[in-house]
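Visitor:
Take a look at the structure:
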């Protein structure tokens with residue numbers, strides 16, 4: 019008998035087979051989970067590095083019960099995952115590719131009106147063509 023052949027599985031990009039409406043319907047619950055200020059603060063802390071509930075308590079000043087309450091929707095929407103570590107759980111981002119966009123969105127809060135305008139109209143930063 020010969021060696022068994024390796025089975026190759028191709029993973030497709032969901033954007034190729036979902037309509038914009040379907041993607042929006044799938045994304046809305048995740049954005050609702052992030053829309054709460056406390057949950058957003060927790061996920062931004064977790065985006066920095068994995069954290070336990072105790073570490074999140076210390077960083078936010080919230081009670082253990084409240085931290086756990088706010089972590090639940092983030093877990094339900096698969097934005098964070100609880101990894102058992104010793105006698106507690108360590109919370110990690112679902113994927114590191116989500117961490118950078120979250121930090122970028124958080125930086126929008128600190129932008130002054132001129133910076134926002136430059137983001138919206140980047141062509142304003144380009145030098146005018148001479149002789150035009």
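Residue numbers (our numbering): 19 to 150. For glycine and all other residues, C-beta sits at the position ideal for the given N, C-alpha and C.
In or out: residue 89 buried (at least 16 other Cβ within 10 Å) or exposed?
Guide: Looking at its Cβ environment, which holds 16 or more other Cβ atoms inside 10 Å, residue 89 is buried.
Visitor: For residue 116, collect the residues of the same chain with a Cβ closer than 8 Å to its Cβ; drop the 5 residues on either side in sequence, then sort them by chain order.
Guide: Around residue 116: 65, 97.
Visitor: Cβ atoms of residue 58 and residue 52: under 8 Å apart, would you say?
Guide: Yes, these two residues count as a Cβ contact at 8 Å.
Visitor: What number of angstroms, rounded off, separates the C-alpha of residue 121 from the C-alpha of residue 69?
Guide: Each residue's Cα considered, the two are about 17 Å apart.
Visitor: Apart from the five residues just before and just after residue 105, which ones in its own chain have a Cβ nearer than 8 Å to its Cβ?
Guide: Taken in chain order, the list of residues that qualify is empty.
Visitor: From the DSSP output, in three-state form, read off residue 129 for me.
Guide: Three-state result, residue 129: coil.
Visitor: For residue 100, collect the residues of the same chain with a Cβ closer than 7 Å to its Cβ; drop the 5 residues on either side in sequence, then sort them by chain order.
Guide: Within the same chain, residue 100 has close Cβ partners 93, 107, 109.
Visitor: Here's a check: name, in chain order, each residue in its chain whose Cβ is nearer than 7 Å to the Cβ of residue 82, leaving out the five neighbours to either side.
Guide: So the qualifying residues of the chain are 71, 75.
Visitor: Using only the alpha-carbon positions, how far apart do residue 113 and residue 67 sit?
Guide: Between residue 113 and residue 67, the C-alpha separation is close to 12 Å.
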